[in-house]
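In what follows, a structure is listed as structure tokens, so that the remarks can point back to it.
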Amino acid sequence: MMLTLQSIEAGYGAVQVLRGLTFEVRPGEVLCLMGRNGAGKTTALRAIMGQVPVTAGSVVLDGTPVNTLPAHEVPKQGIGYVPQGRRLFGELTVAENIEIGLMTRGRDARVRERVLSIFPRLRERLDQMSRTLSGGEQQMLAIARALCLEPKVLLLDEPTEGLQPSMIALIRDTVVALKATGVTTVLVEQRVDAALSVADRIAFVTGGRVAETVPTAGLTTTSPQFATYVGV
Amino acid sequence: MQLGSIFLLALLEGLASASVLALTACGLSLVFGIMRVVNVAHGEFFMLGAVLAWFTASLIPGPPALAFAVALVVCPLIVGAIAALADMLVLKRLNYEPEATIVATIGLLYILQQGALTVFGPNALPVPAPVDFRFQFPGFGYSGYKIAVIVAAVLLLLGLWLILTRTRIGLVMRATQIDRATARAFGINVDRVYAGVFAMGAGLAAIAAVLIVPIQQAHYLMGADPLLLSFSVVIIGGLGSLRGTVVAALLIGMVDQMIPIFMPVVFPAYGAWFTPTLAKIMATLVVALVLVFRPQGLFGKRAA
Ligand SMILES: Nc1ncnc2c1ncn2[C@@H]1O[C@H](COP(=O)(O)OP(=O)(O)OP(=O)(O)O)[C@@H](O)[C@H]1O
Ligand SMILES: [Mg+2]
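Those protein sequence lines, which keep their order, are chains P and S.
Note that the numbering used here has the first sequence beginning at 1334, numbered continuously upward.
Note that the numbering used here has the second sequence beginning at 165, numbered continuously upward.
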């Protein structure tokens, strides 16, 4: 397995959010996390990154336990994180955001070139303050910054949230293209059609645990799981 | 003396006090800008720099310039190390909660002050100036050392600006300032950045103190003035804005010197009014006006 979360318990102070959350991600696959608002999808990704205290269970990346590491060591093991809401360094330029990504695992200009060739629009805006980018460009930069790690696993939290249709298509195509190059991805996605078109398997999250993990081949837009766990 | 000469003298005196103040206040501003910590002990780091400069000078025989050069390098490093330790042992454990860190740095203020009293005693401690020459301007001679202080401060501020805007260390510091959780998600050791920034802020105060100590003797109670002036400066300039800090330091430094030196000459009939106390009142008034009409400071952004 590329990434394994085993019986994770985590939360914020006295509020427990994850209650025995378990899932596995196979090398090269796109695993989609789906669930209602507040189900704990973002918290699951934050637990992987060491941003919320994990009180029980384990996170293992490619054979290495990472939940015992300090938070800043986790990305260095090879996890690229695209947080919900993007969380760019808004007062830094596009080039500087990318530089931060490159520094994480000591990647050089070759990686920078490769990442920029995926997103030519960013190359035209290297000196622009990143908070002045359009929503779609900001999302490209958030993904580019994470790809600068040459991650073993890419965590994408609702990358198409709040974007217009053409941008959604572009981001989706990017995820598909990355998968073709062998990038393992955990994708949080709310929309059924998007999940079905890019994911290999879907893990349905409810009440801080994974209720079911189903290959997308066995699902259609009318499958009962979507009504039960996502409410659509 | 002619009016022009007196103006030049007041200008130089203003620049000298502004440049030392700018260094000190930039340290305070840097710590607040990146860590959101209001460091009430900042003046004590200044005091420690001065007292340690005396100690270094008293240890090293030979020409005063040598001892001074050593002090200029060693004192900021020692003070920075003490600050880094305080960060790791105290501020980090408080999770950098704004109110808690204010109380903690008040405690630190007393520890450092009483520590200096215990170790170095209550007397004023003189440090000889490293250079002893006078610049001859039309109508008056002026301390070459003070001019050296101005030049040194400008170079240091320029260096600070270059570090913040042109180096990887500066980039990491700015990223940490913007979003520390996301900084961690990209491998930045935020604890280390914070310790480094706190050390750097204290080190800037210490450098300023080493520069000032040949002009003004070291004393364990000397930290109050630089703290209050630094606060005035960062309130006027905008907490966390280094550009604003430098501009405000110039303003305060100029007001401080122009009023007692230059104004009595311009208005001889009212000469007795233009005292250093009036200068302090004016500076305080500016602070009050800024707080009322532009609380984020001249160059600061509105609080998020
Ligand atoms: N910083 C926080 N402090 C306290 N509770 C929080 C915090 N962040 C999230 N929570 C709570 O944890 C629960 C799970 O939140 P989480 O963000 O993981 O949900 P999600 O599945 O990502 O939802 P969404 O689809 O809306 O993004 C929610 O009940 C939320 O209110
Ligand atoms: Mg979420």
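For each residue, glycine too, the CB sits at the ideal point set by N, CA and C.
Continuous alpha helix (DSSP H) stretch holding residue i: start and end
| i | result |
| --- | --- |
| residue 449 (chain S) | 440-457 |
| residue 358 (chain S) | 354-376 |
| residue 166 (chain S) | Taken as a continuous stretch (DSSP letters only), residue 166 (chain S) belongs to no alpha helix (DSSP H), as it is neither H nor E. |
| residue 1513 (chain P) | 1498-1513 |
| residue 1340 (chain P) | Here residue 1340 (chain P) belongs to no alpha helix (DSSP H); instead the beta strand (DSSP E) covers 1336-1345. |
| residue 244 (chain S) | 228-250 |
| residue 1480 (chain P) | 1468-1480 |
| residue 430 (chain S) | 427-430 |
| residue 337 (chain S) | 332-342 |
| residue 1388 (chain P) | That residue, residue 1388 (chain P), is in no alpha helix (DSSP H); its beta strand (DSSP E) goes 1387-1394. |
| residue 211 (chain S) | 206-223 |
| residue 1553 (chain P) | Premise fails: residue 1553 (chain P) is in no alpha helix (DSSP H) and is neither H nor E. |
| residue 391 (chain S) | 388-401 |
| residue 406 (chain S) | 406-421 |
Residue i beta carbon near ligand 2 (any heavy atom closer than 8 Å)
| i | result |
| --- | --- |
| residue 1493 (chain P) | no |
| residue 1375 (chain P) | yes |
| residue 1531 (chain P) | no |
| residue 1384 (chain P) | no |
| residue 1417 (chain P) | yes |
Residue interval of the beta strand (DSSP E) (run including residue i)
| i | result |
| --- | --- |
| residue 1453 (chain P) | Run containing residue 1453 (chain P): none in the beta strand (DSSP E); it sits in the alpha helix (DSSP H), 1453-1456. |
| residue 1490 (chain P) | 1486-1490 |
| residue 1548 (chain P) | 1542-1548 |
| residue 1349 (chain P) | 1348-1358 |
| residue 1536 (chain P) | 1534-1539 |
| residue 300 (chain S) | 298-301 |
| residue 306 (chain S) | 304-307 |
| residue 1462 (chain P) | Segment: none, residue 1462 (chain P) is in no beta strand (DSSP E) and carries neither H nor E. |
| residue 1521 (chain P) | 1517-1521 |
Proximity of residue i and residue j at Cβ, strictly below 9 Å
| i | j | result |
| --- | --- | --- |
| residue 249 (chain S) | residue 205 (chain S) | no |
| residue 251 (chain S) | residue 359 (chain S) | yes |
| residue 1413 (chain P) | residue 1487 (chain P) | yes |
| residue 1364 (chain P) | residue 1427 (chain P) | no |
| residue 1431 (chain P) | residue 1391 (chain P) | no |
| residue 1484 (chain P) | residue 1383 (chain P) | no |
| residue 309 (chain S) | residue 378 (chain S) | yes |
| residue 386 (chain S) | residue 419 (chain S) | no |
| residue 273 (chain S) | residue 207 (chain S) | yes |
| residue 400 (chain S) | residue 423 (chain S) | no |
| residue 371 (chain S) | residue 414 (chain S) | no |
| residue 339 (chain S) | residue 1433 (chain P) | yes |
| residue 1415 (chain P) | residue 1479 (chain P) | yes |
| residue 1372 (chain P) | residue 1539 (chain P) | yes |
| residue 239 (chain S) | residue 213 (chain S) | yes |
Check: residue i C-beta below 8 Å from any heavy atom of ligand 1
| i | result |
| --- | --- |
| residue 1370 (chain P) | yes |
| residue 1490 (chain P) | yes |
| residue 1525 (chain P) | no |
| residue 1472 (chain P) | no |
| residue 1516 (chain P) | no |
| residue 1521 (chain P) | yes |
| residue 1350 (chain P) | yes |
| residue 1328 (chain P) | With chain P covering 1334 to 1565 only, the question about residue 1328 (chain P) has no answer from this structure. |
| residue 291 (chain S) | no |
| residue 1387 (chain P) | no |
| residue 1538 (chain P) | yes |
Original post:
Which full runs of the beta strand (DSSP E) of 3+ residues lie inside the segment 1406-1441 of chain P, going along the chain?
Top reply: Within the segment 1406-1441 of chain P, the complete beta strand (DSSP E) runs of at least 3 residues fall at 1412-1415.
Discussion item. Please identify, using Cβ separations under 7 Å, the residues of the segment 1406-1432 of chain P that lie next to chain S, in order along the chain.
Written reply: 1408, 1409, 1414, 1416, 1420, 1422, 1423, 1424, 1425, 1429 and 1432
Within 9 Å of chain P by C-beta, residues of the segment 313-343 of chain S in sequence order: Those residues of the segment 313-343 of chain S that come within reach of chain P (Cβ to Cβ, closer than 9 Å) are 332, 335, 336, 338, 339, 341, 342 and 343.
### Query
Listed from N- to C-terminal order along the chain, which residues in the segment 1373-1394 of chain P have their beta-carbon within a distance smaller than 8 Å of any beta-carbon of chain S?
1382, 1383 and 1384
- Just by C-beta distance, which residues in the segment 1473-1498 of chain P are closer than 7 Å to chain S? none
| field | Contact residues within the segment 1436-1470 of chain P, judged by C-beta distance below 8 Å to chain S | value | 1436, 1437 and 1438
| query | Quick one, which residues of the segment 1340-1373 of chain P are near chain S if we go by CB-CB under 9 Å, in chain order? | reply | none
Against chain P: residues of the segment 195-219 of chain S by CB proximity under 8 Å
none
message: Using a Cβ-Cβ cutoff of 8 Å, what residues of the segment 354-380 of chain S are near chain P? List them in chain order.
response: For the segment 354-380 of chain S, the set of residues with a beta-carbon nearer than 8 Å to any beta-carbon of chain P comprises 354, in chain order.
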